[in-house]
Amino acid sequence: MGCGASSTQSEDGMHEPIPPMEMVRKQIAAAQPEQNGVKEGQSSKKKRSGDDPPDEFEELTVTALPQRWQRDSTYKCGYPMITGDEVKPCFEKGLLYRIVKGDTWAFYNDTRTYEMCVSFTFGRDSTVRGMGNTVITNLEGGEILAEASIYPCETAIFVRGRFSGFRSKIKAQPLSDEILKAKVKQYDKYIQEDLARVNAMINENDSDDAILAKCVEGPTPFIDIRFPPNQTSIERGAVLPIMTIPWARPDMYLPLGFPPQVRLFRSAISTVNIEQGDLGDYWIMCAIASLEDDTERLRGMFRHPVSCEKTAKERAVGAYRVTLNKSGWWHSVIVDDYLPVVGNRPKFAQSLSDPCEVWVSILQKAYAKVHGSYVNIVAGDPLHALQDFTGYISSRYDYILDPEQGLEENEILERLEKYDQQGFKIILSTHNAKTDNPNVDETYREVGLLAGHAYPVKAVRYFASENIALLQIRNPWCRETEWKGEWANGNAEWKSHPEIAEACEINAQDGSSFWMSWGDVQKYFNGCGVLFRYPRSIDYRVRGVFRGDIPSVSILISVNKTISLVCSLTQEDRRGTKMADDYPPIMLSLCGGDRLSDDMEVEKSTTTEADYPGEDLTFVHSRDVGMMCTLTPFKSPYLLVPRIITGRDEEHPYVIGLLSEAEFGADLKAEFFSVPANCEVFRNAKSFAFQGDVVEAKFQVRTPDCRFPTEYNSTVIVKAKKGDWYVENKKK
169 MGCGASSTQS EDGMHEPIPP MEMVRKQIAA AQPEQNGVKE GQSSKKKRSG DDPPDEFEEL
229 TVTALPQRWQ RDSTYKCGYP MITGDEVKPC FEKGLLYRIV KGDTWAFYND TRTYEMCVSF
289 TFGRDSTVRG MGNTVITNLE GGEILAEASI YPCETAIFVR GRFSGFRSKI KAQPLSDEIL
349 KAKVKQYDKY IQEDLARVNA MINENDSDDA ILAKCVEGPT PFIDIRFPPN QTSIERGAVL
409 PIMTIPWARP DMYLPLGFPP QVRLFRSAIS TVNIEQGDLG DYWIMCAIAS LEDDTERLRG
469 MFRHPVSCEK TAKERAVGAY RVTLNKSGWW HSVIVDDYLP VVGNRPKFAQ SLSDPCEVWV
529 SILQKAYAKV HGSYVNIVAG DPLHALQDFT GYISSRYDYI LDPEQGLEEN EILERLEKYD
589 QQGFKIILST HNAKTDNPNV DETYREVGLL AGHAYPVKAV RYFASENIAL LQIRNPWCRE
649 TEWKGEWANG NAEWKSHPEI AEACEINAQD GSSFWMSWGD VQKYFNGCGV LFRYPRSIDY
709 RVRGVFRGDI PSVSILISVN KTISLVCSLT QEDRRGTKMA DDYPPIMLSL CGGDRLSDDM
769 EVEKSTTTEA DYPGEDLTFV HSRDVGMMCT LTPFKSPYLL VPRIITGRDE EHPYVIGLLS
829 EAEFGADLKA EFFSVPANCE VFRNAKSFAF QGDVVEAKFQ VRTPDCRFPT EYNSTVIVKA
889 KKGDWYVENK KK
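Note that the sequence shown covers residues 169 to 900 in my numbering.
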């Protein structure tokens, strides 16, 4: 059987394999389907009126896919590309399905990693015609042997005829590298053509933005020369070789007629509707699931930095943008729409039910790009991914899950409930499957959990009168497992406590979440972290560099009224490098001033917990640190001093983040200073005389509703009295 052959639909629901479709490069502009009615294949959205916001993601032209293409929960990796009168699994766990319609047989391979070798011997009175690449052999005695190989996620017509009994032999074998390399060769022709076109029109030092602008002007299909569709972009940084994986655009792997329907979003965002694929980046999928209650922020990650009109023009040449926070600084990451593909489906993250919805695949690809490869994002902390998606600070509180810590249970539960009420996001994680306990994976599956996975918390409810604490936990992996312990859906505990059932709205439950007692949380989870979300805050980012252990920029903050401020210090992200886990210790100190003198005193410094900054000086080996502060006029001005311990005369870039609902202006002002190396604060003195030179620094300003931060170079952060721009004072 030919690997990954495309197909065309016939009237009876079956179809003949055809050679891979030729890429259509002449028409770059996006196709606009008709919008009359809501019948199958037509638009299900209302037309936009003149007062409606722009349709940036072209959702008004989304049309429903034919019903026969809708995902069936029976299948795990995709769905058959044909329909039939009878569909039967060939193995106990599915894997391969035989589809019969009339006198025609087909097979659907519902795996991602196995080639199915199918062999049927039909009785001598049979009349059999091989279809597609099925090989027919006439045996002695009149029997007929039909053989074919079915590629992962492929639907293949097998035979047609009249059958008089049969014997079968089906073998699932790991996908061979030879088959995958053949598919790579098939697609590489088009990749090289795209690369040649782009390379012919760009200059050596062109940025991604400049290259994309030239492609839009062409128009020319965009291809990302800095994260090209090749094996290196998948396996860079891998310890062992990774299986060869082909790359293809949607118009290369989707069925005929589907490519014009490709959109970032084709329906309301549901993070349960995500197929995680075979990469193993559970931490990223958990982070995405944690944005379920903030879908506008998630959608905002894909908006063009300048205008919605540019989004459609860039998508028409196969380009997308994702806004990510890398090393503390906001970036608009540009990627093309080539994806690693096996069996006419993306190999990694994808939409579960709609092959034409690509937002999750594009987000994952952009995240892989900023870290160098897909392999470099295989494992990690979901809090780090959430920080990179949102810019918020986070902290880990693993110790609260350990009963041996001797912590007061009531205090822990009240603390978690407070986090939940404040809109902070709590993340729980299970023990890693790669522990000394060989049965840990089985133990978790028996109760409906997965080892080495993370779960976001939706709600915390503490019923003090009955001494019952429950956590509602989102289950991003609900297609694989469902919680079976106490307080599970349908459990007798709910009938025994009707008041609690009503408070938890248990009748409104769906399979995407479950409730768990605090005792079971401590039993099955060993990791806990919190993302401190402040959705209405203005986000300021200030760049600096450590030379040795001395920062180039410290921030003098003046307030005329009491103001809450969230501060962070981020050093260069080392994921994807040889020093991925080797961060020099850092700290951020807030020093209070005295209006009558130049003396400063260290008031608070970052610790491992952002909501509990300490009076002691605590350096932390971490990518970033943060703290929540309250600034009062009595101690103003304050000096925010970044610290690092390297012991080497090297440069280390850093970014200071400031989140505040109060805008820098009349009541809040920030000035940039270079504190001299001989200042006592760098010798860990708690009090010191402040001296420094005013310096110019680059900073970003991101308001809650803006598309992308605006960058400035100035000596201060202060809003102008007129207009919406920040004063750009020259260096003094």
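Yeah, the Cβ is synthetic: ideal placement off N, Cα and C, and Gly gets one too.
Please read these numbers as outputs of a predicted model, since none were measured by experiment.
Quiz item: Who are the Cβ neighbours of M469 in its own chain at under 6 Å, not counting the five residues just before and after it?
Solution: What you label residue 469 is simply residue 301 of the sequence shown in a count that begins at 1. V490, T491, listed in sequence order.
Quiz item: If we ignore side chains and look at the alpha-carbon of each, how far apart do H665 and H789 end up?
Solution: As a first step, residue 665 must be located in the sequence shown, where it is residue number 497. As a first step, residue 789 must be located in the sequence shown, where it is residue number 621. If I take the Cα positions, the gap works out to 46 Å.
Practice problem: Would you mind stating whether S828 and I706 have Cβ atoms separated by less than 8 Å? | Solution: Numbered from its first residue, the sequence shown carries residue 828 at position 660. Numbered from its first residue, the sequence shown carries residue 706 at position 538. Taking 8 Å as the Cβ cut-off, S828 and I706 qualify as a contacting pair.
Self-check item: Counted within 10 angstroms of its Cβ, other Cβ atoms place Q739 as buried (16 or more) or exposed
Solution: Translated into the one-based positions of the sequence shown, residue 739 becomes position 571. Label assigned to Q739: buried.
Exercise. Grab me the residues of V543's own chain with a C-beta within less than 8 Å of its C-beta, minus the 5 sequence neighbours each way, in chain order.
Key: As a first step, residue 543 is located in the sequence shown; it is residue number 375 there, counting from the start. Here the set comprises I402, E403, R404, G405, A406, I410.
Practice problem: Just grab the DSSP bridge partners of T903 for me. | Solution: It is not possible to answer for residue 903, since the shown part of the chain is limited to 169 through 900.
Quiz item: Which residue or residues does DSSP assign as beta-bridge partners of Y243?
Solution: As a working mapping, residue 243 is identified with position 75 in the sequence shown. DSSP lists no partner for Y243.
Quiz item: What residues in its chain sit with their C-beta under 6 Å from that of W273, if we drop five residues either side in the sequence?
Solution: The count along the sequence shown starts at 1 and reaches residue 273 at position 105. Here the set comprises F326, V327.
Quiz item: Between which two residues does the alpha helix (DSSP H) containing M420 stretch?
Solution: In the sequence shown, the residue the question calls residue 420 occupies position 252. Where M420 is concerned, the enclosing alpha helix (DSSP H) stretches over 418-421.
Quiz item: Which residues bound the alpha helix (DSSP H) around N578?
Solution: Along the sequence shown, one-based indexing puts residue 578 at 410. Taken as a continuous stretch (DSSP letters only), the alpha helix (DSSP H) holding N578 covers 577-589.
Self-check item: Assigned exposure category for P248 - 16 Cβ within 10 Å defines buried
Solution: On the sequence shown, residue 248 is found 80 positions in, with the first residue counted as 1. Classification of P248: buried, given that the 10 Å Cβ count is 16 or more.
Quiz prompt | Ranges of the beta strand (DSSP E) found wholly within the segment 355-393, counting only runs of at least 3 | solution = none
Quiz item: By DSSP, does G310 sit in helix, in strand, or in coil?
Solution: What you label residue 310 is simply residue 142 of the sequence shown in a count that begins at 1. G310: coil per DSSP, three-state reduction.
Quiz prompt | Beta-carbon contacts of G209 that lie in its chain and below 6 Å, excluding the five residues immediately before and after | solution = Counting from 1 along the sequence shown, the entry for residue 209 is found at position 41. With a pLDDT of 45 at G209, under the threshold of 50, the predicted position of this residue should be treated as unreliable, and no value is reported.
Exercise. Given a cut-off of 8 Å, decide if V770 and F832 are closer than it, judged by their beta-carbon atoms.
Key: To locate residue 832, count along the sequence shown from 1; it is residue 664. To locate residue 770, count along the sequence shown from 1; it is residue 602. Their beta carbons are not under 8 Å apart, which means F832 does not touch V770 by this criterion.
Quiz prompt | Cut-off 7 Å between Cβ atoms - residues of its own chain near S681, not counting five sequence neighbours on either side | solution = For the purposes of this step, residue 681 is taken as the residue at position 513 of the sequence shown. Here the set comprises K626, Q640, I641, R642, N643.
Practice problem: Would you kindly work out how many angstroms separate the C-alpha atoms of T558 and N635, rounded to a whole number? | Solution: In the sequence shown, the residue the question calls residue 558 occupies position 390. In the sequence shown, the residue the question calls residue 635 occupies position 467. Roughly 35 Å separates the two Cα atoms.
Quiz item: So the beta strand (DSSP E) D707 belongs to, where does it begin and stop?
Solution: Against the sequence shown, residue 707 aligns to sequence position 539. 706-715 is the extent of the beta strand (DSSP E) around D707.
Self-check item: Own chain, CB closer than 8 Å to Q859, minus 5 neighbours either side, in chain order
Solution: Counted from its first residue, the sequence shown places residue 859 at position 691. Contacts found: D766, V843, P844, C847.
Quiz prompt | Selected residue, minimal CA-CA separation from P320, among N659, P414, L581 | solution = Locating residue 320 in the sequence shown gives position 152, counting from the first residue. When each option's Cα is compared against that of P320, the closest is P414.
Exercise. With DSSP collapsed to three states, give me the class of E315.
Key: What you label residue 315 is simply residue 147 of the sequence shown in a count that begins at 1. Looking at E315 - three-state DSSP - the assignment turns out to be strand.
Exercise. Could you please give the first and the last residue of the uninterrupted alpha helix (DSSP H) stretch that includes R483?
Key: Residue mapping note: residue 483 aligns to position 315 of the sequence shown, counting from 1. That run of the alpha helix (DSSP H) goes 476-484.
Self-check item: Contacts around Q195, its chain only, beta-carbon distance under 7 Å, and the 5 residues preceding and following it disregarded
Solution: Here residue 195 is taken as the residue at index 27 of the sequence shown, counted from 1. Only weak support is given to the placement of Q195: the predicted model assigns it a pLDDT of 40, under 50, and the question is left unresolved by the model.
Quiz item: How many Å lie between N675 and A669 at the Cα?
Solution: In the sequence shown, the residue the question calls residue 675 occupies position 507. In the sequence shown, the residue the question calls residue 669 occupies position 501. Approximately 8 Å between the Cα atoms of the pair.
Quiz item: What residues in its chain sit with their C-beta under 7 Å from that of K537, if we drop five residues either side in the sequence?
Solution: The residue given as residue 537 occupies position 369 in the sequence shown. Cβ within range, chain order: F395, V501, V503.
Exercise. Measure from the alpha carbon of R417 to the alpha carbon of each residue in R365, P222, N512, then state which is nearest.
Key: The count along the sequence shown starts at 1 and reaches residue 417 at position 249. Per the Cα distances, N512.
Quiz item: What's the call for L307, buried or exposed, on a 16-neighbour Cβ count within 10 Å?
Solution: Here residue 307 corresponds to residue number 139 of the sequence shown, with the count starting at 1. Flag for L307 reads exposed.
Quiz item: Straight-line CA distance for G218 to I437?
Solution: Position 50 of the sequence shown, counting from 1, holds the residue named residue 218. Position 269 of the sequence shown, counting from 1, holds the residue named residue 437. The pLDDT assigned to G218 is 47, lower than 50, so where the model puts this residue is not dependable; a value taken from the coordinates is nonetheless given after this. Whole-angstrom Cα-Cα distance: 25 Å.
Practice problem: Pull up the CB-CB distance for L785 and I725, whole angstroms please, since I reckon it's below 8 Å. | Solution: Along the sequence shown, one-based indexing puts residue 785 at 617. Along the sequence shown, one-based indexing puts residue 725 at 557. In fact, because the Cβ distance is near 20 Å, the residues do not count as touching under 8 Å.
Quiz item: Cα separation between G540 and G744?
Solution: Start at 1 with the first residue of the sequence shown, and residue 540 comes out as number 372. Start at 1 with the first residue of the sequence shown, and residue 744 comes out as number 576. G540 and G744: Cα-Cα distance of roughly 6 Å.
Quiz item: Buried or exposed: which applies to G205, given that a residue is buried once 16 or more other Cβ atoms fall within 10 Å of its Cβ?
Solution: Against the sequence shown, residue 205 aligns to sequence position 37. Residue confidence is low: G205 scores 36 on pLDDT, short of 50, so the model does not pin down where it sits. No coordinate-derived value is stated.
Exercise. Quick one: grab the DSSP three-state call for Y702.
Key: Position 534 of the sequence shown, counted from the start, is the residue given in the question as residue 702. The answer is coil: DSSP assigns Y702 none of H, G, I, E or B.
Quiz prompt | Counted within 10 angstroms of its Cβ, other Cβ atoms place R816 as buried (16 or more) or exposed | solution = Within the sequence shown, residue 816 is the residue found at index 648, counting from 1. Flag for R816 reads exposed.
Practice problem: Would you list the residues sitting across from A669 in a DSSP beta bridge? | Solution: The residue you call residue 669 lines up with position 501 of the sequence shown. A669 pairs with nothing; no bridge assigned.
Quiz item: DSSP three-state call for V843: helix, strand or coil?
Solution: For this step, residue 843 is matched to residue 675 along the sequence shown. V843 falls in the coil class under three-state DSSP.
Quiz item: Anyone know if the C-beta pair for D697 and G496 falls short of 8 Å?
Solution: Stepping through the sequence shown from its first residue, residue 697 is reached at position 529. Stepping through the sequence shown from its first residue, residue 496 is reached at position 328. According to the sequence provided, residue 697 is Gly. The question's Asp does not apply to it. Not in contact: G697 and G496 (Cβ atoms no closer than 8 Å).
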